[in-house]
Every structure is written in structure tokens, then in C-alpha cells.
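Chemist: If you scroll down you'll find the structure; I have some questions about it.
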Amino acid sequence: MDSLTCPRCGADMDSRSIGDAEVPACPEGHGVFLERADLGALIEAETDWHRHAGQHTAPMPKITAEMTPPPVTKLPARAWVETLFG
Numbered sequence: 016m017d018s019l020t021c022p023r024c025g026a027d028m029d030s031r032s033i034g035d036a037e038v039p040a041c042p043e044g045h046g047v048f049l050e051r052a053d054l055g056a057l058i059e060a061e062t063d064w065h066r067h068a069g070q071h072t073a074p075m076p077k078i079t080a081e082m083t084p085p086p087v088t089k090l091p092a093r094a095w096v097e098t099l100f101g
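Numbering (my numbering), first residue to last: 16 to 101.
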């Protein structure tokens, strides 16, 4: 594919491989460009991610006075695509 420029700022878009897709993105964060086949590959990967990301739960622990709160952690991704650009 030829080099693309961002229609908003005119910068050369940086291309990166994500799975089977090649995604050109504006280095200033103005957006991405997806070809139809690449969009299809990302949709398939998203569907697979949801299929394998089940709700894994653990039993609640017994609460005692010695317990401390758990460390603050990053919220899990709601979707596979969210992991790409976050």
C-alpha cells in the first residue's frame, strides 16, 4: 500500500501490524485508516476474543480485621480492539 497522509493534519500515517491487519494511524491521534479486508480481520479477531474471554470468578474471601484493600489495578479491557489503542 502507498504511504497515506492524515486528511486532518497532513502528517504521514504510521503503519503497524495488528494481527493479520495492517493499520495506518495518524501519529497525532487523529484517526486510523482501514481497508475492507483489514476491518474484516479485526472484526474476526474481536469475535474470537469475546468467545475466549469468559467470566472467570473466584469465591469471595472471608473478611477479617487484618485484611487490607487490594491494590488499584487497571480495569480489564471491554473488547479486544480496546487493547490495541489504549
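The beta-carbon is built from N, C-alpha and C at its ideal position, and this holds for glycine as well.
Note that the structure is predicted; figures quoted are calculated from it, not measured.
Express the C-alpha separation of Cys-21 and Pro-39 in angstroms, rounding to a whole number.
Modeler: Start at 1 with the first residue of the sequence shown, and residue 39 comes out as number 24. Start at 1 with the first residue of the sequence shown, and residue 21 comes out as number 6. Roughly 9 Å between the two C-alpha positions.
Chemist: Can you find the residues in the same chain that come closer than 7 Å, C-beta to C-beta, to Val-47, ignoring five residues on each side of it along the sequence?
Modeler: The residue you call residue 47 lines up with position 32 of the sequence shown. For Val-47, where only same-chain residues beyond five positions count, the Cβ hits under 7 Å are Val-38, Pro-39, Ala-40.
Chemist: So, for Ala-94: in the same chain, excluding its five sequence neighbours on each side, which residues have a beta-carbon less than 8 Å away from its beta-carbon?
Modeler: Numbered from 1 along the sequence shown, position 79 holds the residue referred to as residue 94. Same-chain partners within the cutoff: Glu-61, Trp-64, His-65.
Chemist: Got a sec? Which residues, its chain only, sit under 7 Å from Leu-19 by beta carbon, not counting five neighbours each side?
Modeler: Mapped onto the sequence shown, residue 19 falls at position 4. So the qualifying residues of the chain are Met-28, Pro-39, Phe-48.
Chemist: List the endpoints of the continuous beta strand (DSSP E) containing Ala-40.
Modeler: Taking the first residue of the sequence shown as position 1, residue 40 is located at position 25. From DSSP, the beta strand (DSSP E) with Ala-40 extends over 36–40.
Chemist: Do Asp-53 and Ala-80 count as a contact pair if the criterion is CB distance below 7 Å?
Modeler: Here residue 80 refers to the residue found at position 65 when the sequence shown is read from its first residue. Here residue 53 refers to the residue found at position 38 when the sequence shown is read from its first residue. In this structure, Asp-53 does not lie closer than 7 Å to Ala-80 by Cβ.
Chemist: Roughly how many whole angstroms lie between the Cα atoms of Pro-85 and Gly-34?
Modeler: Here residue 85 is taken as the residue at index 70 of the sequence shown, counted from 1. Here residue 34 is taken as the residue at index 19 of the sequence shown, counted from 1. Cα to Cα, the separation comes out at about 34 Å.
Chemist: Classify Thr-98 as helix, strand or coil using the three-state DSSP reduction.
Modeler: As a position in the sequence shown, residue 98 is number 83, starting the count at 1. If DSSP states are grouped into helix, strand and coil, Thr-98 belongs with the helices.
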